[in-house]
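Q:
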Amino acid sequence: MSATILPTADRAATVLPPRRAWALRPVAAAVLMTTAGSGVLIEAARAQTPVAGPGLQVSPETGARFGPLIKADDGGGPLVIEADRLSGRPDLETLAEGAVEFRRGPLVLKADRVEYQQQSDLARATGNVEISRNGNVYRGPEVQLKVDRFEGYFQSPSYHFGRTNAGGQADRFDFLDENRGIAYGATYTSCPAPDPAWLLSTDRVLLDTAAEEGTAEGAVLRFYGVPILAAPTLSFPLTEKRKSGWLPPSIKLDNKSGFELGVPYYWDIAPNRDATLTPSVMTRRGAALDTEFRYLEPGYLGRVQAYALPDDQVANRSRWALNLGHEARWEGATVGEIDYGLALQRTSDDNFWKDFAGTLPSLTPRLLPTDAYARRRFDHGWGDTVAYTRVQTWQVLQDIDPASRIVSPYQREPQIGLRQRGASGGLEWQWETEANRFSNDDPSLQTGSRLHALGSLARPWSPTGAPGWTLTPRVSFNAASYDLDQSLADGRRRASRVIPTVSLDSAWIFERDSTAFGRELTQTLEPRLFYVNTPYRDQTGLPNFDSAANDFNFTSIYSDNVFSGVDRVSDANQVTAGVTTRFLDRTTGAEALRLGIAQRMLLRTQRITADGTPITQRWSDLLLLGSTNLVRNWYFDSTVQYNSDTSRVARSISSVRYSPGPLRTLSTSYRYTRNASEQVELGWQWPLNAPAREHAAAVLARDAQMLEDFEGRSRLAPLSGCPGAWYTVGRVNYSRRDSRITDSIVGFEYDSGCWIGRIVAERLSTGRSQATTRLLFQLELIGLSRLGSNPLKVLRENVPGYRLLRDDSPVVAPALSTP
Numbered sequence: 043m044s045a046t047i048l049p050t051a052d053r054a055a056t057v058l059p060p061r062r063a064w065a066l067r068p069v070a071a072a073v074l075m076t077t078a079g080s081g082v083l084i085e086a087a088r089a090q091t092p093v094a095g096p097g098l099q100v101s102p103e104t105g106a107r108f109g110p111l112i113k114a115d116d117g118g119g120p121l122v123i124e125a126d127r128l129s130g131r132p133d134l135e136t137l138a139e140g141a142v143e144f145r146r147g148p149l150v151l152k153a154d155r156v157e158y159q160q161q162s163d164l165a166r167a168t169g170n171v172e173i174s175r176n177g178n179v180y181r182g183p184e185v186q187l188k189v190d191r192f193e194g195y196f197q198s199p200s201y202h203f204g205r206t207n208a209g210g211q212a213d214r215f216d217f218l219d220e221n222r223g224i225a226y227g228a229t230y231t232s233c234p235a236p237d238p239a240w241l242l243s244t245d246r247v248l249l250d251t252a253a254e255e256g257t258a259e260g261a262v263l264r265f266y267g268v269p270i271l272a273a274p275t276l277s278f279p280l281t282e283k284r285k286s287g288w289l290p291p292s293i294k295l296d297n298k299s300g301f302e303l304g305v306p307y308y309w310d311i312a313p314n315r316d317a318t319l320t321p322s323v324m325t326r327r328g329a330a331l332d333t334e335f336r337y338l339e340p341g342y343l344g345r346v347q348a349y350a351l352p353d354d355q356v357a358n359r360s361r362w363a364l365n366l367g368h369e370a371r372w373e374g375a376t377v378g379e380i381d382y383g384l385a386l387q388r389t390s391d392d393n394f395w396k397d398f399a400g401t402l403p404s405l406t407p408r409l410l411p412t413d414a415y416a417r418r419r420f421d422h423g424w425g426d427t428v429a430y431t432r433v434q435t436w437q438v439l440q441d442i443d444p445a446s447r448i449v450s451p452y453q454r455e456p457q458i459g460l461r462q463r464g465a466s467g468g469l470e471w472q473w474e475t476e477a478n479r480f481s482n483d484d485p486s487l488q489t490g491s492r493l494h495a496l497g498s499l500a501r502p503w504s505p506t507g508a509p510g511w512t513l514t515p516r517v518s519f520n521a522a523s524y525d526l527d528q529s530l531a532d533g534r535r536r537a538s539r540v541i542p543t544v545s546l547d548s549a550w551i552f553e554r555d556s557t558a559f560g561r562e563l564t565q566t567l568e569p570r571l572f573y574v575n576t577p578y579r580d581q582t583g584l585p586n587f588d589s590a591a592n593d594f595n596f597t598s599i600y601s602d603n604v605f606s607g608v609d610r611v612s613d614a615n616q617v618t619a620g621v622t623t624r625f626l627d628r629t630t631g632a633e634a635l636r637l638g639i640a641q642r643m644l645l646r647t648q649r650i651t652a653d654g655t656p657i658t659q660r661w662s663d664l665l666l667l668g669s670t671n672l673v674r675n676w677y678f679d680s681t682v683q684y685n686s687d688t689s690r691v692a693r694s695i696s697s698v699r700y701s702p703g704p705l706r707t708l709s710t711s712y713r714y715t716r717n718a719s720e721q722v723e724l725g726w727q728w729p730l731n732a733p734a735r736e737h738a739a740a741v742l743a744r745d746a747q748m749l750e751d752f753e754g755r756s757r758l759a760p761l762s763g764c765p766g767a768w769y770t771v772g773r774v775n776y777s778r779r780d781s782r783i784t785d786s787i788v789g790f791e792y793d794s795g796c797w798i799g800r801i802v803a804e805r806l807s808t809g810r811s812q813a814t815t816r817l818l819f820q821l822e823l824i825g826l827s828r829l830g831s832n833p834l835k836v837l838r839e840n841v842p843g844y845r846l847l848r849d850d851s852p853v854v855a856p857a858l859s860t861p
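Quick note on the numbering used here: the sequence shown kicks off at 43 and runs consecutively.
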């Protein structure tokens with residue numbers, strides 16, 4: 043259950059993006075619109091072309107063929123008629139014979155013979171009739187049409203659509219008027235004849251271009267001759283316009299719920315409102331309903347998602363989940379523009395995230411927030427000021443296993459603040475002040491109110507005559523006052539403290555030209571020195587509402603506080619020294635190699651630490667960084683935290699990726715933290731046989747063509763598959779410390795040329811000995827739709843470098859509906 047909230051930058055009401063499932067493009071839609079153009083051609087010829095008169099000239103390009111050039115009245119461009127023989131009687135009839143070709147703009151009509159009766163306004167084209175327009179081609183033995191009324195028929199047409207590289211045939215197509223037509227016995231497929239792997243057939247299709255809607259009767263979708271979907275009557279849009287209707291069913295299989303079948307219904311409420319309702323049935327748990335409602339107005343937008351399982355037959359109770367997002371802007375004459383919003387996630391019970399993994403989109407599935415805010419921004423020219431208020435609460439999903447329980451974060455009820463940053467006269471400053479009320483459901487934790495103020499003033503300086511050198515002195519402070527609900531150890535309920543900090547940041551950048559691995563490069567040398575001094579202030583007796591130790595990395599080593607949040611400020615008298623060198627491609631500016639080293643030197647013992655143990659060692663751990671793609675198709679990246687006192691690696695993250703081209707990626711990473719964790723990750727997308735390798739090579743060549751000509755991208759033909767191509771895809775995380783696989787995704791993709799099959803198995807760890815395993819199936823009918831559960835989102839988010847097999851063969855999908 044997921045959605046995309048549109049940004050609030052444009053507050054004008056607009057149209058929500060459609061939910062689409064089918065790309066039904068039968069002969070009727072295209073023939074109706076295309077042959078309408080041919081009628082205009084014949085009418086233009088009747089009105090403007092003299093018969094056997096001086097207007098006829100021998101075309102120099104064709105020698106013996108007639109090729110009069112006629113200017114059209116309707117702005118459609120000039121009309122060119124070519125034929126071996128052109129004859130007739132004025133105001134009665136016109137006859138063109140022998141390789142007849144009408145051309146006007148993107149439309150070309152070819153036939154052996156075209157006859158036009160002016161009195162009855164009847165045009166008839168016979169013999170190898172072919173109509174092509176915008177990459178679509180229609181063929182048949184005969185077209186007969188009353189031009190002005192646009193009534194007639196196309197006998198036994200076949201058709202091929204360039205955009206989807208698919209087509210079919212019909213027994214007959216009748217033109218009712220310029221907007222409506224009926225196709226009888228129409229079929230559609232992207233597979234080769236005579237025995238297509240899949241085929242959509244209909245008894246009768248009525249199309250109405252004015253209403254932008256089509257209605258099919260007796261529609262049956264067959265896969266290798268077996269009917270897999272049928273509807274006595276269904277409707278579909280003829281354009282990209284949204285339409286209410288049923289979407290393709292989804293199929294899931296997991297060890298928690300069993301087999302699940304869902305049938306989504308899309309409701310196009312209004313251009314700026316829509317909803318998707320998905321009733322489903324699980325063999326183990328029963329019936330459920332998943333709903334999503336989206337809205338977009340001039341002053342606000344949002345979504346509401348709800349999942350309901352009234353009677354869970356496994357848990358013997360009702361289960362539900364709610365996900366709400368709302369963003370808005372209110373404009374008042376007095377206060378100006380105020381942005382406000384609400385984000386809310388809630389579930390019925392602690393085990394919901396285990397039993398229905400992925401139902402709620404959250405990076406922290408066991409911490410579900412409710413966050414309401416309002417803010418007002420003031421722009422002063424030299425800077426900006428923001429006034430804001432916020433209420434933040436959490437639902438914590440705990441585990442029965444005490445070892446897996448998590449600490450409940452504090453709730454802000456409320457948070458009120460004012461923040462400003464600006465620059466003037468070479469000075470840069472920023473400050474904020476906030477009042478917070480902290481509460482917690484855990485009675486053992488301290489609660490209360492906090493008023494704090496943070497501020498800093500800096501003066502960046504670049505010495506004259508020393509380009510590439512910057513010197514930034516900075517002074518800052520952190521002040522906080524507490525009013526607590528429980529007494530401190532000394533009996534007080536009120537406490538306050540003010541902690542100042544001074545720092546000096548100095549950085550240089552040197553450059554020189556270099557050559558390596560046959561490439562012209564620019565090498566940089568970027569040394570940096572950072573000094574910070576913060577006096578010691580005892581904070582052990584004060585509560586800790588929002589502070590935590592920062593991760594030790596190349597960014598945090600140059601910060602003036604080892605903690606995030608407000609409640610803890612580390613004492614410091616230290617210097618951090620580091621140097622980075624980069625090799626940049628002189629032509630493209632791309633980074634080919636980066637090496638870095640940094641270390642902190644303590645000039646006195648650091649007494650404020652995360653665990654309360656003072657740091658007495660003079661030197662911090664050494665940070666080493668390296669990344670490169672100098673070797674073609676290879677990328678290396680590694681960060682190492684090395685303890686020189688113990689001569690051991692304290693932590694490291696290393697990754698290697700090999701990607702010789704599209705659809706061919708291998709990656710591995712190694713994550714190690716001493717005495718805590720050691721994990722190996724392997725990810726891949728790789729062809730398994732020769733047809734798959736040929737397809738990957740074709741994608742690579744196409745990508746190169748796109749890079750050479752961005753403007754020509756839309757003119758490239760859709761990329762077809764290689765029949766019989768097998769691919770494997772996946773990602774596996776293995777814990778060496780626990781000697782077990784934690785999370786894994788393993789799947790296979792098969793491209794037959796006109797359909798793609800995917801099967802993906804996913805295992806998500808939900809505890810030390812618990813996991814959720816599910817199986818995802820998908821059948822993609824190229825040029826039509828995708829059926830089954832959707833593993834593509836899972837693959838994109840979890841497999842590094844994953845790419846769709848048919849990136850350039852779009853599946854456009856208007857909704858189906860059964861009246």
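Ideal Cβ placement from N, Cα and C applies to all residues, glycine included.
Small disclaimer: the values here were computed from a predicted structure and weren't measured.
Cα separation between leucine 818 and arginine 828?
A: Position 776 of the sequence shown, counted from the start, is the residue given in the question as residue 818. Position 786 of the sequence shown, counted from the start, is the residue given in the question as residue 828. Cα to Cα, the separation comes out at about 13 Å.
Q: Grab me the residues of glycine 654's own chain with a C-beta within less than 8 Å of its C-beta, minus the 5 sequence neighbours each way, in chain order.
A: Locating residue 654 in the sequence shown gives position 612, counting from the first residue. Thr582.
Q: Run through DSSP, which three-state label would lysine 152 get?
A: Within the sequence shown, the letter at position 110 stands for residue 152. Three-state result, lysine 152: strand.
Q: Mapping DSSP to helix, strand and coil, what is arginine 660?
A: For the purposes of this step, residue 660 is identified with residue 618 of the sequence shown, where counting begins at 1. Reduced to three states, the DSSP call for arginine 660 is coil.
Q: Taking the beta carbon of isoleucine 173 as the centre, do at least 16 other beta carbons fall within 10 Å, making it buried, or is it exposed?
A: By one-based count along the sequence shown, residue 173 stands at place 131. With 16 or more Cβ atoms within 10 Å of its Cβ, isoleucine 173 is classed as buried.
Q: Is valine 836 helix, strand or coil when you go by DSSP?
A: For the purposes of this step, residue 836 is taken as residue 794 along the sequence shown, with counting starting at 1. Residue state, collapsed to three classes: helix.
Q: Report yes or no: do three or more beta-carbon pairs, one from the stretch 799–807 and one from the stretch 778–791, lie closer than 8 Å?
A: Output reads yes: the stretch 778–791 touches the stretch 799–807.
Q: Count the other C-beta atoms from every protein chain shown that fall within 10 angstroms of the C-beta of leucine 469, then say buried if there are 16 or more, exposed otherwise.
A: The count along the sequence shown starts at 1 and reaches residue 469 at position 427. Exposed, because fewer than 16 other Cβ atoms sit within 10 Å of the Cβ of leucine 469.
Q: Identify, in the order they occur along the chain, each residue of the same chain with its Cβ nearer than 6 Å to the Cβ of arginine 264, setting aside the five sequence neighbours on each side.
A: Here the question's residue 264 lines up with position 222 in the sequence shown. Once the five neighbours on either side are set aside, the close Cβ partners of arginine 264 are Leu241.
Q: Tell me the DSSP secondary structure of aspartate 397 in three-state form.
A: By 1-based counting over the sequence shown, the position of residue 397 is 355. In this structure, aspartate 397 counts as helix in the three-state DSSP scheme.
Q: From which residue to which residue does the beta strand (DSSP E) around phenylalanine 594 run?
A: As a working mapping, residue 594 is identified with position 552 in the sequence shown. Premise fails: phenylalanine 594 is in no beta strand (DSSP E) and is neither H nor E.
Q: Roughly how many angstroms separate the alpha carbons of leucine 513 and tyrosine 342, rounded to a whole number?
A: Working through the sequence shown from its first residue, we reach residue 513 at position 471. Working through the sequence shown from its first residue, we reach residue 342 at position 300. Leucine 513 and tyrosine 342: Cα-Cα distance of roughly 45 Å.
Q: If you draw a straight line from the alpha carbon of aspartate 627 to that of alanine 634, how long is it in whole angstroms?
A: If you number the sequence shown from 1, residue 627 lands on position 585. If you number the sequence shown from 1, residue 634 lands on position 592. Distance between the alpha carbons of aspartate 627 and alanine 634 is about 7 Å.
Q: Of the residues Gly425, Gly795 and Thr543, which one's Cα is nearest the Cα of leucine 496?
A: Position 454 of the sequence shown, counted from the first residue, corresponds to residue 496. When each option's Cα is compared against that of leucine 496, the closest is Thr543.
Q: Go ahead and pull the three-state DSSP assignment for tyrosine 524.
A: As a working mapping, residue 524 is identified with position 482 in the sequence shown. Correct three-state label for tyrosine 524: strand.
Q: Given 7 Å as the limit, tell me if lysine 152 has its C-beta closer than that to any heavy atom belonging to the ligand NAD.
A: Judged by which ligands are present, the structure shown has none, so any question about the ligand NAD falls away.
Q: Do the stretch 402–409 and the stretch 369–386 meet, that is, are 3 or more Cβ pairs less than 8 Å apart?
A: The stretch 402–409 vs the stretch 369–386: no contact.
Q: Can you list the beta strand (DSSP E) stretches of 3 or more residues lying completely in the stretch 578–639, in chain order?
A: Whole beta strand (DSSP E) segments, 3+ residues: 614–627.
Q: Who does threonine 675 pair with in a DSSP beta bridge?
A: Counted from its first residue, the sequence shown places residue 675 at position 633. Reading off the sequence, residue 675 comes out as asparagine, not threonine. Answer is none; asparagine 675 lacks a bridge partner.
Q: Just verifying my parser: in three-state terms, what is the DSSP assignment at proline 444?
A: As a first step, residue 444 is located in the sequence shown; it is residue number 402 there, counting from the start. Residue state, collapsed to three classes: helix.
Q: From Asp443, Asp392 and Leu410, pick the residue whose C-alpha is nearest to that of serine 7; which is it?
A: Since the displayed the chain opens at 43 and closes at 861, residue 7 lies outside it and no answer follows.
Q: Provide the residue(s) that pair with arginine 18 in DSSP beta bridges, ordered along the chain.
A: Beyond the ends of the chain as shown, which are 43 and 861, falls residue 18; an answer cannot be given.
Q: For the beta strand (DSSP E) containing isoleucine 224, list its first residue and its last residue.
A: Taking the sequence shown and counting its residues from 1, the one referred to as residue 224 is at position 182. Here the beta strand (DSSP E) through isoleucine 224 covers 222–226.
Q: When the Cα atoms are used, what is the spatial distance from asparagine 314 to tyrosine 337?
A: What you label residue 314 is simply residue 272 of the sequence shown in a count that begins at 1. What you label residue 337 is simply residue 295 of the sequence shown in a count that begins at 1. In a straight line, the C-alpha of asparagine 314 is about 6 Å away from that of tyrosine 337.
Q: Below 6 Å CB to CB, which residues in the same chain sit around serine 518 once its five sequence neighbours on both sides are set aside?
A: To locate residue 518, count along the sequence shown from 1; it is residue 476. The residues are Ser498 and Thr543.
Q: Please return the same chain residues whose Cβ sits closer than 6 Å to the Cβ of glycine 425, not counting the five positions on each side in sequence.
A: For the purposes of this step, residue 425 is taken as the residue at position 383 of the sequence shown. Excluding positions up to five away in sequence, the list reads Arg463 and Gly464.
Q: Let me make sure I understand the geometry here. Which of Arg716, Val305, Gly668 and Asn603 has the alpha-carbon closest to that of methionine 324?
A: Your numbering for residue 324 matches position 282 in the sequence shown. Checking every option, the nearest Cα to that of methionine 324 belongs to Val305.
Q: Taking just the CA atoms, how far does phenylalanine 203 sit from arginine 166?
A: For the purposes of this step, residue 166 is taken as the residue at position 124 of the sequence shown. For the purposes of this step, residue 203 is taken as the residue at position 161 of the sequence shown. If I take the Cα positions, the gap works out to 24 Å.
Q: Name the residue from Thr275, Val673, Asp296 and Gly510 whose alpha carbon lies nearest to the alpha carbon of phenylalanine 398.
A: Stepping through the sequence shown from its first residue, residue 398 is reached at position 356. Phenylalanine 398 has its Cα closest to that of Asp296, out of Thr275, Val673, Asp296 and Gly510.
Q: With contact counted as at least three CB pairs below 8 Å, one residue from each stretch, are the stretch 316–323 and the stretch 831–849 in contact?
A: Verdict: no, contact absent.
Q: By Cβ distance, which residues of its chain are closer than 7 Å to alanine 197, with the 5 residues on each side in sequence left out?
A: Within the sequence shown, residue 197 is the residue found at index 155, counting from 1. It should be noted that the sequence gives glutamine, not alanine, for residue 197. Correct list, in chain order: Gly182, Pro183, Glu184 and Arg214.
Q: So the candidates are Val122, Lys152, Leu149 and Leu164; which of them puts its Cα closest to the Cα of threonine 136?
A: In the sequence shown, residue 136 corresponds to position 94, counting from 1. Considering only alpha carbons, the answer is Leu164.
Q: From alanine 208 to arginine 419, what does the alpha carbon distance come to, in whole angstroms?
A: Locating residue 208 in the sequence shown gives position 166, where the first residue counts as 1. Locating residue 419 in the sequence shown gives position 377, where the first residue counts as 1. Each residue's alpha carbon lies about 53 Å from the other.
Q: Please list, in chain order, all residues of the same chain as aspartate 353 whose beta carbon is under 7 Å from its beta carbon, the five residues on each side excluded.
A: Position 311 of the sequence shown, counting from 1, holds the residue named residue 353. So the qualifying residues of the chain are Gly328 and Ser360.
Q: Going by C-alpha to C-alpha distance, which of Glu193, Ser162, Pro199 and Thr168 sits closest to tyrosine 180?
A: Against the sequence shown, residue 180 aligns to sequence position 138. Closest option to tyrosine 180, Cα to Cα, is Pro199.
Q: Spell out a yes or no on whether the stretch 607–615 and the stretch 548–563 are touching, meaning 3 or more CB-CB pairs, one atom from each, closer than 8 Å.
A: Too few Cβ pairs lie closer than 8 Å, so no.
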